[in-house]
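Trainee: Numbering (our numbering), first residue to last: 5 to 151.
#1: Could you pull the start and end residues of the alpha helix (DSSP H) that residue 123 belongs to?
#2: Measure the Cβ-Cβ separation of residue 66 and residue 29 and say whether it is below 9 Å.
#3: Among 17, 31, 19 and 20, whose alpha-carbon lies nearest the alpha-carbon of residue 103?
#4: In terms of residues, what are the limits of the alpha helix (DSSP H) holding residue 92?
#5: When DSSP labels each residue in this structure, what does residue 24 get in the three-state scheme?
#6: Thinking C-alpha only, which one of 24, 108 and 18 is nearest residue 139?
#7: If you draw a straight line from the alpha carbon of residue 146 to that of residue 92, how long is it in whole angstroms?
#8: I'd like to check one pair, residue 34 with residue 100: are the Cβ atoms closer than 9 Å?
#9: Could you tell me the boundaries of the alpha helix (DSSP H) in which residue 64 lies?
#10: Which one of 73, 50 and 130 has the shortest CA to CA distance from residue 106?
#11: Rounded to the nearest angstrom, how far is the Cβ of residue 111 from that of residue 133, given a contact under 8 Å?
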């Protein structure tokens with residue numbers, strides 16, 4: 005179930021790269037949300053509704069999986085020179101979308117429910133991103149220590 009050694013990385017649903025997909029979901033939601041928060045901060049109207057960010061993130065995550073498993077694979081830059089399994093692909097998508105959904109929840113709590121400015125949303129997002137990257141680095145170092 006969990007890919008802890010190189011033979012299972014990309015084949016099992018969860019491996020240390022899964023943390024990177026969580027971070028990607030957070031980062032993509034935060035970046036795309038700038039289409040809303042920047043125009044509003046400048047006194048204008050949002051360019052897109054909040055719910056559309058989830059749809060955009062889904063397509064960006066699909067693009068990343070295509071890029072990772074086709075382009076990087078063909079260039080020979082893919083880990084262990086093999087494509088991800090279907091289960092790994094599916095769970096990478098689930099992790100990325102779950103992280104983006106948590107960011108949407110943070111946005112709703114901080115900006116809509118509490119009525120705070122967007123900067124607190126981005127601070128919470130940056131902290132979340134940092135925690136996930138730290139978890140990735142810990143997982144990667146555990147993997148490297150087993151070699």
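Quick reminder that beta carbons are idealized off the backbone N, C-alpha and C, glycines included.
Bear in mind that the values here come from a model prediction, so they are computed numbers and not experimental data.
Mentor: So, from the data block:
#1: 122-149
#2: no
#3: 31
#4: 90-111
#5: helix
#6: 24
#7: 20 Å
#8: no
#9: 54-70
#10: 130
#11: Going by Cβ atoms, the distance from residue 111 to residue 133 rounds to 14 Å, so no, they are not a contact pair.
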